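Reviewing the structure listed below.
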Ligand code: FAD
Ligand code: SF4
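Residue numbers (my numbering): 331 to 855.
This is the structure we're talking about:
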């Protein structure tokens, strides 16, 4: 006899690894909703739409094959889908985990006021609950990721010896990581991450998405995992072929190489195909098999570096998001107002090789690894004075792994310092020197990374130095870690700075603004 209850499964928990399901097939039904307003709220990358819709439909089919009753609906919003379901089935309870996005969470709270059947469950998708994070943050004035990470390592007893000390004698080994593009070029390149030929369900979704106007990127070449089994296979593929070199080459960038030694697991994790606990457990098991072997010490920085991203950064930005919303969307420490440059959507419109390559990679794959996101795409937007929310909207729309809880703190906090230093200890800005060292882009560029002014001068250079000069003039606090960099401004003459200002004005005047007719409905869903 089926119980009179429903379990709602959102698009951020699309597998039994992260969803909370009826305890048995005859213990209730499952509700899956495709929200049309959510899909239309931004010009999302078509590969992202394929990922979400295909994973949802695969879960539907899998649950039905296991004997569950599944109500799969297309509705104007998740809340309206739930209301329609309730009208059709009248369940006594509709169980749901808290939505992953603030705006959708608000609509669920409003729904619960008029629909008493709504029954909230604890969030089961992260290693750190919102409550645990708030307890960690309580009484702190600085919410540093490094402090959170050490707390997390101790709490989860992860890479910690019997005396509570970090394995290998250090909490992180980043000093030895950060190998350059020149070092990377001497290595054999890793194989492309495991991908999957679209099956019938995915193929049908691709054809549907192809008919949707106003979205970015193409569906062709879609090969992301869309089931939990496929996502687990991707994790194994990463452990077997790329983790060992993840640490040393984490920051390097090469033309035509989107993933290098990165895991490409974020999209699968963020739609719930893979639980972070599984990523941690499998990585630790992989490490346990090697720990005693010759040369293992050289691999520890990769293991620690990777786990730091998963138990540290990923959990931390989720905590910061829920701690700061909805006000986090209004942060604009530098008071920037420039629209997003058109080149982000149409990378062929720039001659700057680094931007053309990285924005082009995003348009092709809905992906770029962390350093192109931070040190090319966001760095340029900050130096050019782009409004942080215009950049945030592009990141939210353009990446297959983007959801507001993770994109917003990364853009507003980590990348652009728009929160004034709540999250990051300094603005992540650099001149061409960093990009030249960490990539091969400058070798293919018409600009010269060594020139600050004159013919062929690299825009990153004059934008960077005049940005620093503006900070000095405005006496803005950008953290102690910038002290040395700010001091280096003293080495530039007033004439030099004036020439760079003139270059900047000319360059910015020619920078075409984006040409989108849309404005995001942040709380759509
Ligand atoms: P790897 O480099 O292999 O890292 C392993 C995992 O750690 C990732 O899969 C991810 O789950 C987690 N992780 C690593 N860094 C971060 C971080 N800073 N914040 C949260 N999780 C992290 N990540 C997203 O998942 N979605 C986003 O929308 C997103 N937007 C970003 C925007 C900017 C401006 C920046 C600088 C970073 C952003 N990130 C985002 C974080 C990070 O760049 C991606 O998680 C990572 O590049 C995904 O690729 P990967 O799976 O190969 O990661
Ligand atoms: Fe980018 Fe400047 Fe290098 Fe060209 S020279 S790739 S614009 S950093």
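Beta carbons are placed, not taken as given, at the ideal position from N, Cα and C, and that holds for glycine. This one's a predicted model, so the numbers in the text were calculated from it and none came from an experiment.
Residue i: first and last residue of the uninterrupted alpha helix (DSSP H) it sits in
i: residue 886; result: Absent from the structure is residue 886, since the part of the chain shown begins at 331 and ends at 855.
i: residue 721; result: 718 to 728
i: residue 795; result: 789 to 804
i: residue 387; result: 376 to 395
i: residue 562; result: 558 to 571
i: residue 837; result: 824 to 840
i: residue 667; result: Looking at the DSSP string, residue 667 is not in any alpha helix (DSSP H), and its letter there is neither H nor E.
i: residue 415; result: 408 to 419
i: residue 772; result: Note, residue 772: premise wrong, no alpha helix (DSSP H); not H, not E.
i: residue 778; result: Element bounds for residue 778: n/a, residue is neither H nor E.
i: residue 710; result: 709 to 713
i: residue 617; result: 606 to 620
i: residue 632; result: 630 to 637
i: residue 537; result: 530 to 540
i: residue 817; result: 813 to 818
i: residue 695; result: 683 to 695
Pick from the options that is closest to residue i, judged by C-alpha positions
i: residue 723; options: 396, 743, 852, 818; result: 852
i: residue 641; options: 546, 347, 488, 425; result: 488
i: residue 598; options: 384, 854, 363; result: 384
i: residue 665; options: 746, 655, 523, 699; result: 746
i: residue 466; options: 476, 804, 846, 481; result: 481
i: residue 339; options: 346, 356, 362; result: 362
i: residue 784; options: 344, 836, 649, 696; result: 836
i: residue 506; options: 556, 705, 634, 620; result: 634
i: residue 765; options: 757, 752, 790, 755; result: 790
i: residue 752; options: 460, 447, 424, 474; result: 474
i: residue 823; options: 812, 806, 805, 796; result: 796
Contact test: residue i Cβ vs the ligand FAD heavy atom, cutoff 7 Å
i: residue 456; result: no
i: residue 482; result: no
i: residue 737; result: yes
i: residue 709; result: no
i: residue 466; result: no
i: residue 725; result: yes
i: residue 699; result: yes
i: residue 404; result: no
i: residue 413; result: no
i: residue 744; result: yes
i: residue 732; result: yes
i: residue 741; result: yes
i: residue 603; result: no
i: residue 593; result: yes
i: residue 704; result: yes
i: residue 589; result: yes
N- and C-terminal bounds of the beta strand (DSSP E) containing residue i
i: residue 399; result: 399 to 405
i: residue 337; result: 335 to 339
i: residue 423; result: 423 to 426
i: residue 365; result: 359 to 365
Cut-off 8 Å between Cβ atoms - residues of its own chain near residue i, not counting five sequence neighbours on either side
i: residue 669; result: 716, 717, 720, 843, 844
i: residue 802; result: 816, 819
i: residue 419; result: 336, 359, 401
i: residue 414; result: 403, 405
i: residue 352; result: 333, 335, 337, 358, 359, 360, 398
i: residue 539; result: 376, 379, 380, 383, 545, 549
Contacting residues, own chain, Cβ-Cβ under 7 Å from residue i (five flanking each side not counted)
i: residue 725; result: 732, 737, 741
i: residue 838; result: 714
i: residue 528; result: 536, 552
i: residue 833; result: 783, 787, 792
Near the ligand SF4: residue i beta-carbon under 7 Å from a heavy atom
i: residue 682; result: yes
i: residue 771; result: yes
i: residue 775; result: yes
i: residue 762; result: yes
i: residue 671; result: no
i: residue 797; result: no
i: residue 788; result: yes
i: residue 785; result: no
i: residue 779; result: yes
i: residue 765; result: yes
Neighbourhood of residue i by C-beta distance below 6 Å, restricted to the same chain and skipping five residues each side
i: residue 348; result: 455, 602, 605
i: residue 568; result: 593
i: residue 630; result: 498
i: residue 508; result: 581
i: residue 437; result: 409
i: residue 683; result: 771, 774, 775
i: residue 425; result: 337, 449, 451
Of all the alpha helix (DSSP H) runs that stay within the bounds of the segment 429 to 512, which reach a length of 4 or more residues? 432 to 444, 460 to 467, 475 to 486
Going residue by residue through the segment 723 to 763, where are the continuous alpha helix (DSSP H) segments of at least 4 residues, counting only ones entirely within it? 734 to 738
Can you check the segment 576 to 604 for any alpha helix (DSSP H) of at least 4 residues that lies completely inside it and give the ranges in chain order? 596 to 600
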